[in-house]
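Protein sequence lines correspond, in order, to chains A and B.
Quick note on the working numbering: the first sequence kicks off at 1 and runs consecutively.
Quick note on the working numbering: the second sequence kicks off at 258 and runs consecutively.
Quick reminder that beta carbons are idealized off the backbone N, C-alpha and C, glycines included.
Bear in mind the structure is a predicted one, so any value in this text is a computation, not a measurement.
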Amino acid sequence: MDRKITSIVLIACLLCGVGVVLLDQRWVEYGVQSPVMQSPVGTFVLEAPVPDAPQTAPVYTVTGTDTFFKGTPEIMNVRENVPSQEEAPMLAEDALAPYGGLPKDAVLKDVEVVSLREANTTSGSVEAVYPQWTQVIYTQQVDGMPVVGPGAEIIVSLGEDGEVLEVSKMWRNLTYARDVRITPVSEAVDAIQAGNVIDRPQSPLGYTKITGIALGYYAEDISSPQKEYTPVWIFSGTEENSGNAVHVVVEAREHPE
Amino acid sequence: MTRIIDGPLRHRVHWWMILVVLMIVSSIPMPSLAYSYSVTNIEDYANSDMDLMPGGTDVTNVVKSWLNNAGWTMNFYHTNGNVDETDFGSQDSGFQGLDGAQLHYHFGHGVNNLGFGTVIQLSEWQIWNPDAVFREEVYKKWDNNNKWAIIDVCHLLEDEQWGGALKSSHGILSFASQEGVSTDLPDRFFRNVIDYDYTMAYAWKCATQDTYESNCIGAVVFDTKDQLDYDHLLGQGYVAPDESPDDDRVFVSTWQC
Chain A
1 MDRKITSIVL
11 IACLLCGVGV
21 VLLDQRWVEY
31 GVQSPVMQSP
41 VGTFVLEAPV
51 PDAPQTAPVY
61 TVTGTDTFFK
71 GTPEIMNVRE
81 NVPSQEEAPM
91 LAEDALAPYG
101 GLPKDAVLKD
111 VEVVSLREAN
121 TTSGSVEAVY
131 PQWTQVIYTQ
141 QVDGMPVVGP
151 GAEIIVSLGE
161 DGEVLEVSKM
171 WRNLTYARDV
181 RITPVSEAVD
191 AIQAGNVIDR
201 PQSPLGYTKI
211 TGIALGYYAE
221 DISSPQKEYT
231 PVWIFSGTEE
241 NSGNAVHVVV
251 EAREHPE
Chain B
258 MTRIIDGPLR
268 HRVHWWMILV
278 VLMIVSSIPM
288 PSLAYSYSVT
298 NIEDYANSDM
308 DLMPGGTDVT
318 NVVKSWLNNA
328 GWTMNFYHTN
338 GNVDETDFGS
348 QDSGFQGLDG
358 AQLHYHFGHG
368 VNNLGFGTVI
378 QLSEWQIWNP
388 DAVFREEVYK
398 KWDNNNKWAI
408 IDVCHLLEDE
418 QWGGALKSSH
428 GILSFASQEG
438 VSTDLPDRFF
448 RNVIDYDYTM
458 AYAWKCATQD
468 TYESNCIGAV
478 VFDTKDQLDY
488 DHLLGQGYVA
498 PDESPDDDRV
508 FVSTWQC
């Protein structure tokens, strides 16, 4: 029995080791020495495949903002029958109809049932969970490229039997402006290692596995007078300790103005 | 008919009028006449990679501006190396730190020590020197004047057991993920509670959602459900009673921003 366990552990270690070596070699070809990055922004492990970087990518001009908020403090109440994650997106689209409907450049990001937890501070256990609302989140995608940041989201919150509790839209309308040259992703890795990221987190991220890298755009807070969406490298992953999704965003223009 | 009031009667009418005026004046709600707040700001860390200057000062100025204009008085403002555990009410007697004022705002770093809960990092924090406030140090300690603590740090409420600090205090408003340095956050929050008279919990939800993208997790923990549902900033509306007798239960709500 002990030999069996030892064998399983050895095989697991071997497989992990092979994975790391293969990954390391792929990044080395692109000029990155190690998949593990220590940075002022956090500790990252590059598990993502290296993306193909185009020579150029579009810049978009902001032609207007579309922002509104309709909500009620009663959203914090507990409810017995909030929509399931399956039925909520359709209800959310209906909820957006009076506000011009779901924009064509919107994509569903997440659906979550938000719940109030009654926790015991002595035992550390959660003793009861009460649903509050179901939250449907859309983000923007421009010509197939993701937009991240606080200025490109629509949130619809649904209550008892699909009642619309809150609609929040922070959106910018865009039009193509010009193409700019793009830096290779290896330079974006260097930028992360130097801490040169857009919208730096307040505290350094813990051990974070980067599982996706894509070219996209960063939408600043909707109150910011952002005039253009310029290309950025978006490193997506999960912070191990918390399990939270994170984005690390780096300038992708070769010669930013 | 001419009424002549003379002598002692004239004086009696005069004092009666003053009394009426005083009664009317005293019946008008005087926002935050006797309320106080405290602020701790750590933006200069021994590890310079963690420095947040001038973010903490900027955030503090926003907090001071809103509360001072609303008639609140500052109990204390401690910064950087002058901030320690006692500022967070760790002592049973003597200096009560945040428990000496109705509202406390802290700005700085927080970290999730996997397996050891979350901590508020103090200025001398290093990997080999965990200079921090641990939740065990303030367990059941907030039992004096404090009603709410806004802890503007990353990760804190990934560990719901921080709610154990709330003996008679009502709530902690913070995050259960990374976040970013922003003066918009306190500006929006205090506008919500002072100008719009939102409840504390709802004001925090709205402020975090307006400021950050949905990867950020806003969070509150309250001692009772009534406090979470109905607490307004003192002077702005109803405030639910302190929990009595104190039990070991708290109510936690988290949402994607």
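Which same chain residues, not among the five before or five after residue i, have their C-beta less than 7 Å away from its C-beta?
i, result
"D467(B)", "R445"
"A389(B)", "V376, I377, Q378, L379 and W382"
"Y292(B)", "W329, Q359, L491 and G492"
"N251(B)", "In the structure displayed, chain B extends from 258 to 514; residue 251(B) sits before or after that span and is not available."
For residue i, which residues from the same chain have a beta carbon less than 8 Å from its beta carbon, with the 5 sequence-adjacent residues on both sides left out?
i, result
"E300(B)", "D308, L309, M310, P311, G312, G313, T314, T336, N337, F364 and G365"
"V185(A)", "Y30, V50, P51, A53, I213 and W233"
"V21(A)", "Confidence at V21(A) is low in this model, with a pLDDT of 41, below 50, so its placement is unreliable and the value that follows should be read with caution. There are no such residues."
"I75(A)", "Q132, W133, S157, G159, L165 and E166"
"Q85(A)", "V111, E112, V113 and T134"
"V62(A)", "R172, N173, L174, Q226, K227, E228 and Y229"
"A497(B)", "H427, T481, D483, Q484, D486, Y487 and D488"
"V319(B)", "T440, P443, D444 and F447"
"N196(A)", "V250 and E251"
Can you say whether residue i is buried or exposed, counting buried as having 16 or more other CB atoms within 10 angstroms of its CB?
i, result
"A194(A)", "exposed"
"M287(B)", "Unreliable placement is indicated for M287(B), whose pLDDT of 48 sits below 50; the coordinate value is still reported in the next sentence. Exposed."
"R200(A)", "buried"
"Y495(B)", "exposed"
"G351(B)", "exposed"
"I285(B)", "The pLDDT assigned to I285(B) is 46, lower than 50, so where the model puts this residue is not dependable, and the model offers no usable value."
"H412(B)", "buried"
"V107(A)", "exposed"
"S305(B)", "exposed"
"K104(A)", "exposed"
"N369(B)", "buried"
"E436(B)", "buried"
"E153(A)", "buried"
"Q353(B)", "buried"
"G216(A)", "buried"
"Q55(A)", "exposed"
For the alpha helix (DSSP H) holding residue i, just list the boundary residues, first then last.
i, result
"V185(A)", "V185 to A194"
"S123(A)", "First-last for S123(A): undefined, no H or E at that position."
"M37(A)", "No alpha helix (DSSP H) holds M37(A); the beta strand (DSSP E) holding it covers V36 to S39."
"P231(A)", "Segment P231 to E239 is the beta strand (DSSP E) holding P231(A); no alpha helix (DSSP H) there."
"L430(B)", "Looking at the DSSP string, L430(B) is not in any alpha helix (DSSP H); the run it does join, the beta strand (DSSP E), is G428 to F432."
"L360(B)", "Taken as a continuous stretch (DSSP letters only), L360(B) belongs to no alpha helix (DSSP H), being part of the beta strand (DSSP E) at L360 to F364."
"Q348(B)", "Premise fails: Q348(B) is in no alpha helix (DSSP H) and is neither H nor E."
"S322(B)", "G312 to N326"
At which residues does the beta strand (DSSP E) containing residue i begin and terminate?
i, result
"D179(A)", "V164 to R181"
"G216(A)", "L205 to Y218"
"A245(A)", "A245 to E251"
"Q513(B)", "R506 to Q513"
"T336(B)", "T330 to T336"
"N298(B)", "S293 to N298"
"I154(A)", "E153 to L158"
"M145(A)", "M145 to V148"
Within its chain, find whatever has a CB closer than 6 Å to the CB of residue i; leave out the 5 residues flanking it on each side and keep chain order.
i, result
"D499(B)", "S425"
"A97(A)", "none"
"F447(B)", "W323"
"G162(A)", "P83 and L91"
"F333(B)", "S295"
"T43(A)", "Y207"
"F508(B)", "F479, K482 and L485"
Please list, in chain order, the chain D residues whose beta carbon lies closer than 7 Å to that of residue i.
i, result
"D221(A)", "Checking the listed chains, one finds no chain D in this structure; the protein chains it contains are A and B."
> Should the region 111-126 of chain A be regarded as contacting the region 406-426 of chain B, the criterion being three or more beta carbon pairs within less than 8 Å?
Replying inline: Remark: three or more beta-carbon pairs, one from each stretch, lie closer than 8 Å, so the region 111-126 of chain A and the region 406-426 of chain B are flagged as touching.
> Using 8 Å as the threshold, is the region 395-411 of chain B in touch with the region 341-354 of chain B, meaning 3 or more CB pairs across them?
Replying inline: yes
> Are at least three pairs of beta-carbons, each pair with one atom in the region 468-475 of chain B and one in the region 74-91 of chain A, less than 8 Å apart?
Replying inline: no
> Contact between the region 216-230 of chain A and the region 57-71 of chain A: three or more CB pairs below 8 Å?
Replying inline: yes
>> For the region 318-333 of chain B against the region 370-388 of chain B, do three or more pairs of beta-carbon atoms, one drawn from each stretch, fall closer than 8 Å, so that the two count as touching?
In response: Segment contact: the region 318-333 of chain B against the region 370-388 of chain B, fewer than three CB-CB distances shorter than 8 Å; contact not assigned.
> At what residue ranges does the region 46-116 of chain A contain a whole run of the alpha helix (DSSP H), taking only runs of 4 or more?
Replying inline: 88-96
> Could you give the uninterrupted runs of the beta strand (DSSP E) lying entirely in the region 425-499 of chain B, keeping only those of 3 residues or more?
Replying inline: 428-432 and 474-479
> What are the start and end residues of each continuous beta strand (DSSP E) run of 3 or more residues lying completely inside the region 357-416 of chain B, in chain order?
Replying inline: 360-364, 366-369, 375-378, 389-391 and 405-409
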